[in-house]
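Chemist: Below is a structure I'd like to ask you about.
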Amino acid sequence: MTMKKLLMVSVCALTFSQTALAQPVTGSVYTDMPTDFHEINSAFDYTRQDVMIPMRDGIKLHTVILIPKAAKNAGILMTRTPYNAAHMASLGSSSHMASILPGYDNMPDVIVEGGYIRVLQDIRGKFGSEGEYVMNRPMRGPLNGTAVDENTDTWDTIEWLVHNVPQSNGKVGILGVSYDGYTAITALFHPHPALKVSVPMNPMVDGWMGDDWFHNGAFREEMLPYIYDQGATRKNTAEWWNSAYDSYTFFLNGVSAGAVGKSRGMDQIGFFRQLLAHPAYDSWWQLQALDRLLSKEGLKVPTMLVHSLWDQEDNYGAIAVYDALRKHPEAQSNLWLAMGPWNHGGEIHAASMLGSVDLHSDTGLYFRKHVLMPFLAHYLKDDAIPLPARVTAYRSGENEWESMDALPAPECDSQCSSLYFQPDRGLAFTKPVGNAGKLTYVSDPDHPVPYISRPVISKDEANSGWRWWLTADQRNAEARPDVLSLTSGVLTKPFTITGEPLMHLTATTTGTDGDFVVKLIDVYPDEVASQPAMGGYQLMVSGNILRGRYRKSFEKPEPIPANVKQVYSVRLPMVNHTFLPGHRIMIQVQSSWFPLYDRNPQTYVDNIMVAPKSAYKSAEISVDIADSWLEIHGRTKPAL
């Protein structure tokens, strides 16, 4: 190196040293943080924008926009959520868009491989958005006299996006799971012209009939922590706390759902107060049920409803909307349905297991690749991509996908079969002759039937049975004296059912109120060579509850006359299942399912949610065998 070059290097080193030393100081300590730090992200394969989009009433909603660097003339996939849009767009630290999206609602394979612009928005009143939060904000009308609802917020957001995201082709799709499925449905009312497709997945539709809050009048006590976390603060900073490790013990000690909620200060939360005020299916519930409202509105946007056959939270909504819309010929051209062997939102993940049952293939991947991706591409891209079948359904048992033009009608037809109770606690496809007698059990609200094996660990989902309680082995319930278990003989050929089974239960009770739980169960052979742990497994295929006071009217409850026969009609959730040869069919009947549902005092009170401890009494239940049967849509003839 020449002297000249050495001199230049020395000068440069001195200059750098002086520059480095020339940082601002406070006393004798150098400041570390720059006034304005500029991230180096030129290597990212996407850009991120955090914007506040103004609504028609002046409220601004926080919105995250993720734009692939290669995006040009790209469709927009939007989700509107109460679950923190910023977090949903930051599920990983990476320069690759696919790596930051895994998690709730996002499906990186669908979004990134499809080349879509991803939009995530906090609904009003949650996390980064302005305004006031209302749980499942009712549509404008009798329950909402303001100028805004989730539909107007969606409309205003789309209007902003199509004018401010130049990389888009002006076509918008909306999708989401659960609450985000609810917002995907609300977008269908008076839809924005740029909304080309909607995919409500496991949506909240009717919180009294069968989604989240009640099922046929019985309150889902396990939802109290969710209401607390979601409704107490804008950013979910108030955290529910237990005073017992076992939630069974905690809720039993709390007596009623209302008392438990009030002990946590939940009477400050508007939605909790509404639950206490509306225990019956009155106009407050009916006027916000989305299946009822959308049936009147009609369907103007291509929509794929997604249903999980083992959805532990919202197993009512998607099928209710499907049944409501398919009655209208003008809606059928825009209506699709997909249903698979998943728990709540399981379709967005790897799904080769159904709880303990091995499905031998990734059913979530199949759905996304062969059903969802073509459906979205058909409407959000310019390519002529073929659409999937009107109904794509997974048939459990035989573990096969099948395509249909439509689901069987909810009403029974010539393909229906009936499973009749038998005197020996059996089931048969023929009605018993003569007086078959009764089957009795005692329901004690001080010792209710747990819905999963104890301890019931509710809060920590990763270590609890909540995600898969619908697939839990029912042998523990069968062993209890307060659970009636009736079993068929061994099947000699496959028996496939598709539809919503209807139990006709005739019973008396010594109480003046009571709950009736009905479960349809696939009993595995005593030995299963391919999966030994499944030997004798009792897989619940479908189950539901009816609060006895609503046996005649969901809107107008009335006491049960003690020791007088009454008919209880219990509609079970959707089934698409094959009972295989060597298996047996079981029906279980019980009068508690705790603490999934609050206990029925079994003495009539005006409002069970605030029932005093003195109201809870044991009752003897007698089921009339000859007049009790399960009506099912049999697609293949049974053989026992």
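Counted the way mature numbering (1 follows the signal peptide of the UniProt record, and there is no 0) counts, the sequence shown spans residues -22 to -1, 1 to 618.
In this text, a Cβ means the ideal position worked out from N, Cα and C, and glycines have one as well.
Determine the direct distance from the alpha carbon of Val88 to that of Asp584, and round the result to whole angstroms.
Modeler: Residue numbering aside, residue 584 sits at position 606 when the sequence shown is read from its first letter. Residue numbering aside, residue 88 sits at position 110 when the sequence shown is read from its first letter. Each residue's Cα considered, the two are about 50 angstroms apart.
Chemist: Would you say the segment 270 to 279 touches the segment 239 to 246, given that touching needs at least three Cβ pairs under 8 angstroms?
Modeler: No contact exists between the segment 270 to 279 and the segment 239 to 246.
Chemist: Nearest by alpha-carbon distance to Ala604: which of Ile523, Gly560, Thr484 and Leu574 is it?
Modeler: Counted from its first residue, the sequence shown places residue 604 at position 626. Comparing Cα-Cα distances from Ala604 to each of Ile523, Gly560, Thr484 and Leu574, the minimum goes to Thr484.
Chemist: For Arg198, tell me which candidate among Leu350, Asn454 and Asn522 has the shortest Cα-Cα distance.
Modeler: Stepping through the sequence shown from its first residue, residue 198 is reached at position 220. It is Asn522 whose Cα lies nearest to the Cα of Arg198.
Chemist: Quick check on the burial criterion: 16 or more other C-beta atoms within 10 angstroms. Buried or exposed for Asn578?
Modeler: Within the sequence shown, residue 578 is the residue found at index 600, counting from 1. Per the 10 Å Cβ criterion, buried.
Chemist: Assuming Tyr206 is part of the alpha helix (DSSP H), what are its boundary residues?
Modeler: Reading the sequence shown from its first residue, position 228 is the one you call residue 206. Here the alpha helix (DSSP H) through Tyr206 covers Leu202 to Ala210.
Chemist: Quick one: using the 10 Å Cβ neighbour count with 16 as the cut-off for buried, is Phe192 buried or exposed?
Modeler: Start at 1 with the first residue of the sequence shown, and residue 192 comes out as number 214. So Phe192 ends up on the buried side.
Chemist: Closest to Phe353 by CA distance: which of Phe345, Leu365, Arg527 and His168 is it?
Modeler: Stepping through the sequence shown from its first residue, residue 353 is reached at position 375. Ranking the options by Cα distance to Phe353, first place goes to Leu365.
Chemist: When you compare the segment 248 to 259 with the segment 120 to 133, are there three or more beta-carbon pairs, one atom per stretch, that lie closer than 8 angstroms?
Modeler: These segments do not touch.
Chemist: Among Tyr157, Pro590 and Thr161, which has the Cα closest to the Cα of Gly151?
Modeler: Locating residue 151 in the sequence shown gives position 173, where the first residue counts as 1. Of Tyr157, Pro590 and Thr161, the residue nearest in Cα terms is Thr161.
Chemist: Going by the CB atoms, is the gap between Asp134 and Met33 shorter than 8 angstroms?
Modeler: As a working mapping, residue 33 is identified with position 55 in the sequence shown. As a working mapping, residue 134 is identified with position 156 in the sequence shown. For Met33 and Asp134, yes; Cβs fall inside 8 angstroms.
Chemist: Evaluate contact between the segment 333 to 341 and the segment 301 to 309, counting only Cβ atoms and requiring at least three cross-stretch pairs below 8 angstroms.
Modeler: The segment 333 to 341 vs the segment 301 to 309: no contact.
Chemist: Would you mind sorting Tyr8 into buried or exposed? The rule is 16 or more other CB atoms within 10 Å of its CB.
Modeler: Translated into the one-based positions of the sequence shown, residue 8 becomes position 30. Classification for Tyr8: exposed.
Chemist: Excluding sequence positions up to five away, which residues of its chain have a Cβ less than 6 angstroms from the Cβ of Leu265?
Modeler: Position 287 of the sequence shown, counted from the first residue, corresponds to residue 265. Within the same chain, Leu265 has close Cβ partners Pro120 and Leu121.
Chemist: Near Leu517, which residues of its chain fall below 6 angstroms by C-beta distance, leaving aside the five closest residues on each side in sequence?
Modeler: In the sequence shown, counting from the first residue as 1, residue 517 sits at position 539. Excluding positions up to five away in sequence, the list reads Asp500.
Chemist: In this structure, does DSSP put Ser421 in helix, strand or coil?
Modeler: Position 443 of the sequence shown, counting from 1, holds the residue named residue 421. Strand, per DSSP.
Chemist: What residue range does the alpha helix (DSSP H) around Ser225 cover?
Modeler: Locating residue 225 in the sequence shown gives position 247, where the first residue counts as 1. Per DSSP, Ser225 belongs to the alpha helix (DSSP H) from Ser225 to Gly232.
Chemist: In the structure shown, what three-state DSSP assignment does Glu108 receive?
Modeler: Working through the sequence shown from its first residue, we reach residue 108 at position 130. Three-state DSSP puts Glu108 in coil, outside helix and strand.
Chemist: When burial is assigned at 16 or more other CB atoms within 10 Å of the CB, is Val545 buried or exposed?
Modeler: The sequence position of residue 545 within the sequence shown is 567, counting from 1. Val545 is exposed by the Cβ-count criterion.
Chemist: Whose C-beta lies closer than 7 angstroms to the C-beta of residue 620 among residues of the same chain, with five residues either side of it excluded?
Modeler: A question about residue 620 goes unanswered here, because the residues of the chain that appear run from -22 up to 618.
Chemist: Please work out which residues of its chain come closer than 6 angstroms, Cβ to Cβ, to Ala414, disregarding the five sequence neighbours upstream and downstream, and give them in chain order.
Modeler: The sequence position of residue 414 within the sequence shown is 436, counting from 1. These residues qualify, in order along the chain: Pro401, Ile603 and Ala604.
Chemist: Who pairs with Trp379 in a beta bridge, going by DSSP?
Modeler: In the sequence shown, the residue the question calls residue 379 occupies position 401. Answer by DSSP bridge pairing, in chain order: Tyr372.
Chemist: Tell me which residue opens and which closes the beta strand (DSSP E) that Val180 is part of.
Modeler: Translated into positions along the sequence shown, residue 180 becomes position 202. It is worth fixing the name first, because residue 180 is Asn in this sequence and not Val. No beta strand (DSSP E) contains Asn180, which DSSP labels as neither H nor E.
Chemist: Please state whether the Cβ-Cβ distance between residue 637 and Thr59 is less than 8 angstroms.
Modeler: Absent from the structure is residue 637, since the part of the chain shown begins at -22 and ends at 618.
Chemist: Could you give the DSSP three-state label for Arg346: helix, strand or coil?
Modeler: Here residue 346 is taken as the residue at index 368 of the sequence shown, counted from 1. Here Arg346 sits in helix by DSSP.
Chemist: Can you name, in chain order, every residue of its own chain whose Cβ lies under 6 angstroms from the Cβ of Arg453, other than the five neighbours on each side?
Modeler: Indexing the sequence shown from 1 puts residue 453 at position 475. Correct list, in chain order: Gln516.
Chemist: Is Ser570 closer than 8 angstroms to residue 637 when the C-beta atoms are compared?
Modeler: Any answer about residue 637 is impossible in this case: the structure gives the chain only from -22 up to 618.
Chemist: Quick one: what's Tyr398 bridged to in DSSP?
Modeler: Position 420 of the sequence shown, counting from 1, holds the residue named residue 398. DSSP output for Tyr398 lists Ala406 and Trp607 as bridge partner(s).
Chemist: Would you list the one or two residues that DSSP bridges to Met30?
Modeler: Position 52 of the sequence shown, counted from the first residue, corresponds to residue 30. Beta-bridge pairing links Met30 to His40.
Chemist: Take Tyr582 and list the residues in its own chain whose beta-carbon comes closer than 6 angstroms to its own, dropping the five residues that flank it on each side.
Modeler: For the purposes of this step, residue 582 is taken as the residue at position 604 of the sequence shown. Thr490, Asp491 and Pro537.
Chemist: Taking 7 angstroms as the cut-off, does the CB of Gln452 come closer than this to any heavy atom belonging to the ligand ZN?
Modeler: Of ligands this structure carries none, so the ligand ZN is not represented either.
Chemist: Can you tell me whether Asn147 is helix, strand or coil according to DSSP?
Modeler: Residue numbering aside, residue 147 sits at position 169 when the sequence shown is read from its first letter. The answer is strand: DSSP assigns Asn147 an E or B state.
Chemist: Who are the Cβ neighbours of Ile475 in its own chain at under 7 angstroms, not counting the five residues just before and after it?
Modeler: Residue 475 sits at position 497 when you count from the first residue of the sequence shown. Closer than 7 angstroms at Cβ, skipping near neighbours: Val553, His555, Ile610, His611, Gly612 and Arg613.
Chemist: Report the partner residues of Gln566 according to the DSSP bridge assignment.
Modeler: Position 588 of the sequence shown, counted from the start, is the residue given in the question as residue 566. According to DSSP, which records beta bridges pairwise, Gln566 is partnered with Ser463 and Lys497.
Chemist: Suppose you measure from the CA of Pro535 to the CA of Arg529; what does that come to, to the nearest Å?
Modeler: Here residue 535 refers to the residue found at position 557 when the sequence shown is read from its first residue. Here residue 529 refers to the residue found at position 551 when the sequence shown is read from its first residue. Each residue's Cα considered, the two are about 8 angstroms apart.
Chemist: So, are the CB atoms of Met182 and Ser156 less than 8 angstroms apart?
Modeler: For the purposes of this step, residue 182 is taken as the residue at position 204 of the sequence shown. For the purposes of this step, residue 156 is taken as the residue at position 178 of the sequence shown. Yes; because the gap between Cβ atoms is below 8 angstroms, this pair is in contact.
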